[in-house]
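Working notes, beginning with the structure itself.
Residue numbers (our numbering): 6 to 215.
Dropping the structure here:
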């Protein structure tokens, strides 16, 4: 069985102790730090931005996947690259000129991810899958932690894995939202490469043995 990477989400960490949260990720099987950036427009809440990412960058050598849940991400990628992002993941639904933005992120020396919300079908990504490094399948409606996984989103993961295999593509597949100790086995068997976990990880309810 292939190794599946764990990417704990700082969205569910104690914001008053992000240093402790990063250390917990390092000490409990985390391979990637998932950082949810919310602007209060694309999603209801506002989280943190470039200065916070820059301040925690020095705390770890783990890669940062900065998940931009923002409108017009093309206006922000330069500053997020400068703040210490290793991956910059934006939403298909948040911008028009996707091809241009993918090229921009790569020109900054960063890996590029694209994310889709539960109501967006995999088919919309057909033209750009050869260009991206990561596809992030949202398995909850983005904006809040602690939600339940939407089961049909696992079918998207399986569809992406099939496309990747048939077309010999190299993008990684990540899933984000509602993964816990009860469903992690089903999630792991769907074809994912990366599992994002927030509430379950930071509440010590996820036993990472994959």
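From the three backbone atoms N, C-alpha and C, an ideal C-beta is built for every residue, glycine too. None of these values were measured; they are calculated from a predicted model.
query	result
Once DSSP output is grouped into helix, strand and coil, what is the label at residue 234?	The chain is shown from 6 up to 215; residue 234 falls before or after that span and cannot be answered.
Between residue 78 and residue 95, how many whole angstroms is the CB-CB distance? I'm expecting something under 8 Å.	4 Å
Can you pull the DSSP bridge partners for residue 94?	72, 118
Based on the DSSP output, what are the partners of residue 193 in its beta bridges?	DSSP output for residue 193 lists no bridge partner at all.
Out of 191, 192, 186, which has the shortest C-alpha to C-alpha gap to residue 205?	186
Tell me whether the segment 59-71 and the segment 35-43 touch, counting them as touching only if at least three CB pairs, one residue from each stretch, are closer than 8 Å.	yes
Would you tell me roughly how many angstroms separate the C-alpha atoms of residue 106 and residue 142, rounded to the nearest one?	19 Å
Thinking residue 201 and residue 178 are a contact (beta carbons under 8 Å), I'd like their distance in whole angstroms, please.	Contact flag wrong, Cβ pair sits at about 11 Å.
Which same chain residues, not among the five before or five after residue 161, have their C-beta less than 7 Å away from its C-beta?	127, 142
Assuming residue 13 is part of the beta strand (DSSP E), what are its boundary residues?	10-13
Compare the Cα-Cα distances from residue 100 to each of 113, 194, 80 and report the closest residue.	80
Could you spell out the range, first to last residue, of the beta strand (DSSP E) harbouring residue 154?	Taken as a continuous stretch (DSSP letters only), residue 154 belongs to no beta strand (DSSP E), as it is neither H nor E.
What residues match up with residue 41 in a beta bridge as DSSP calls it?	72
Does DSSP put residue 83 in a helix, a strand or coil?	helix
Comparing alpha-carbon positions, which option in 148, 208, 147, 194 lies nearest residue 164?	194
In this structure, how does DSSP classify residue 60 when only helix, strand and coil are distinguished?	helix
Using CA coordinates, which residue listed in 42, 74, 175, 58 is at the minimum distance from residue 220?	The shown model of the chain, from 6 to 215, leaves out residue 220, and the question about it has no answer.
With DSSP as the reference, label residue 30 as helix, strand or coil.	helix
With DSSP as the reference, label residue 165 as helix, strand or coil.	helix
If the criterion is Cβ atoms closer than 8 Å, does the pair residue 152 and residue 114 meet it?	no
What are the boundary residues of the alpha helix (DSSP H) that includes residue 107?	103-112
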